[in-house]
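One rule links them: number in the working numbering = place in the sequence shown (from 1) + 10. Idealized CB from N, CA, C, for every residue including glycine.
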Amino acid sequence: MQLQTIKDEICDIGRRLYNKGFAAANDGNISYRVDENRVVCTPTQICKGFMKPEDLCIVDMRGDQLAGHRKKTSEIMLHLTIMKERPEVKSVVHCHPPHATAFGIAREAIPQCVLPEVDLFMGDVPIAKYAAPGSQKFADTILPFIHKTDIIVQANHGTVSLGPTVERAYWLTELLDAYCRILLIARDLGRVEYFNKDEAEELLDLKSQWGVKDPRSEMTDCKLCANDVFRETWKETGVGHRAFSPPHFRRGEECVPNGLCSRGTAPGSCCAGTEPCPNTGKDGCSRPPGMTNGAVNTGGNAGVSPEQEALIQAITSRILAALNRS
Ligand SMILES: [Zn+2]
Numbered sequence: 011m012q013l014q015t016i017k018d019e020i021c022d023i024g025r026r027l028y029n030k031g032f033a034a035a036n037d038g039n040i041s042y043r044v045d046e047n048r049v050v051c052t053p054t055q056i057c058k059g060f061m062k063p064e065d066l067c068i069v070d071m072r073g074d075q076l077a078g079h080r081k082k083t084s085e086i087m088l089h090l091t092i093m094k095e096r097p098e099v100k101s102v103v104h105c106h107p108p109h110a111t112a113f114g115i116a117r118e119a120i121p122q123c124v125l126p127e128v129d130l131f132m133g134d135v136p137i138a139k140y141a142a143p144g145s146q147k148f149a150d151t152i153l154p155f156i157h158k159t160d161i162i163v164q165a166n167h168g169t170v171s172l173g174p175t176v177e178r179a180y181w182l183t184e185l186l187d188a189y190c191r192i193l194l195i196a197r198d199l200g201r202v203e204y205f206n207k208d209e210a211e212e213l214l215d216l217k218s219q220w221g222v223k224d225p226r227s228e229m230t231d232c233k234l235c236a237n238d239v240f241r242e243t244w245k246e247t248g249v250g251h252r253a254f255s256p257p258h259f260r261r262g263e264e265c266v267p268n269g270l271c272s273r274g275t276a277p278g279s280c281c282a283g284t285e286p287c288p289n290t291g292k293d294g295c296s297r298p299p300g301m302t303n304g305a306v307n308t309g310g311n312a313g314v315s316p317e318q319e320a321l322i323q324a325i326t327s328r329i330l331a332a333l334n335r336s
């Protein structure tokens, strides 16, 4: 593809990032590998909504700048690390989409089994641990996930997505942020209804018919809806299901406990839907203390423990008393 065409496309995607509110002020960066040792990237300190092709830089695979009158993005090592790990990847988009980033701040595992397009085109999305931006250490936070997904949420920072074209890489970010927004709105309405096991398996089967790989299809101990592909990383990152409580269907099995604690609960035994999770509060339990198994998250104070509830009540009483005095 012509270099000029690539530069035009990066500027076009920059405008979309900015207009969608995914990159405030000078946030975000975009790259495209034009050949083995040349990568076009956005410069630092520029609003992605108003870039011109002549603003873009070219770097080599070590990150040394080869061309461009502006200085390369400070996040170039993130882009190059991904391209080295996944040679087939041509483009990387990093930005701060508010709804997806909120999940990375809350360290809330993003559930599946809610929207068919998300299950089909995206699958489980991990949350990488936090590191200060701009360093190789920051770039390396994506390494545990990069061979299992094309989009990663970065804790307390943003997202990074990748693909064979700039548009494809961007497209995943837009899909993820719309999904996270819909999840938050539905939860605020008071109810999130998840696919049942047959509905969830139907989508995974469709995906494999299309020839699209999903790690959930290959993992025998994987639960379809609960972001379990990345569960082993939750302990280090502090990720868990607190605001959202997806069901835990195991592929090919009728039932495993809803609200399953990942350790210490016998597979195959099914909670009736009302008992407290036997391992609440213990290591690996997906629910906070006080929540019951099988409960659909009801929003509002769902997930609030009795102690937290008492504290909220006490604070509310004090505020009301103060208001009455004034
Ligand atoms: Zn950033």
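Consult DSSP for residue i and reduce its assignment to one of helix, strand or coil.
i       : result
Pro-225 : helix
His-109 : helix
Leu-125 : coil
Tyr-140 : coil
Gly-173 : strand
Ala-320 : helix
Ala-34  : coil
Tyr-204 : coil
Gly-250 : strand
Leu-234 : coil
Asp-45  : strand
Ala-119 : coil
Ala-165 : coil
His-79  : coil
His-89  : helix
Pro-53  : strand
Thr-15  : helix
Ile-23  : helix
Ser-101 : strand
Val-239 : helix
For ligand 1, any of its heavy atoms closer than 7 Å to the Cβ of residue i?
i       : result
Pro-143 : yes
Asp-37  : yes
Gly-73  : no
His-167 : yes
His-104 : yes
Glu-95  : no
Glu-19  : no
Glu-85  : yes
From this set, the options, which residue's C-alpha is nearest residue i's C-alpha?
i       : options                               : result
Pro-108 : Ile-56, Glu-19, Asp-187 and Tyr-140   : Asp-187
Cys-57  : Asn-36, Leu-76, Ile-68 and Ala-236    : Asn-36
Met-132 : His-104, Ala-331, Ile-68 and Lys-158  : Lys-158
Ile-115 : Glu-184, Val-163 and Leu-234          : Val-163
Gln-75  : Tyr-42, Ser-255, His-89 and Val-49    : Val-49
Cys-51  : Ser-84, Ile-156, Gln-122 and Ile-329  : Ser-84
Pro-121 : Gly-173, Val-102, Val-202 and Gly-24  : Val-202
Lys-245 : Leu-27, Pro-136, Thr-54 and Ala-77    : Pro-136
Asp-65  : Cys-21, Ile-161 and Leu-213           : Cys-21
Tyr-28  : Glu-46, Lys-17 and Gly-59             : Gly-59
Arg-252 : Ser-227, Leu-234, Met-93 and Leu-194  : Leu-194
Ile-16  : Ala-33, Ser-41, Ala-34 and Arg-25     : Ser-41
Asp-160 : Val-99, Gln-219 and Lys-207           : Val-99
Ser-227 : Glu-242, Ala-236, Glu-211 and Leu-182 : Glu-211
Val-128 : Glu-46, Lys-217 and Asp-18            : Lys-217
Excluding the 5 residues preceding and the 5 following residue i in the sequence, name in chain order all residues of the same chain whose CB lies nearer than 6 Å to its CB.
i       : result
Asn-311 : The pLDDT assigned to Asn-311 is 39, lower than 50, so where the model puts this residue is not dependable; a value taken from the coordinates is nonetheless given after this. If we look at Asn-311 and ignore the five residues flanking it on each side, it has no Cβ neighbours.
Asn-39  : Thr-52, Thr-83, Glu-85 and His-104
Met-229 : none
Tyr-180 : Ile-23 and Val-103
Leaving out five residues on either side along the sequence, give the residues of the same chain with a beta carbon under 8 Å from the beta carbon of residue i.
i       : result
His-167 : His-106, Thr-111, Gly-114, Tyr-140 and Pro-143
Among residues of its own chain, excluding the 5 on either side of residue i, which ones have a beta-carbon nearer than 7 Å to its beta-carbon?
i       : result
Asp-238 : Cys-232
Gln-14  : Pro-63
Phe-148 : Leu-88, Ala-141 and Ala-142
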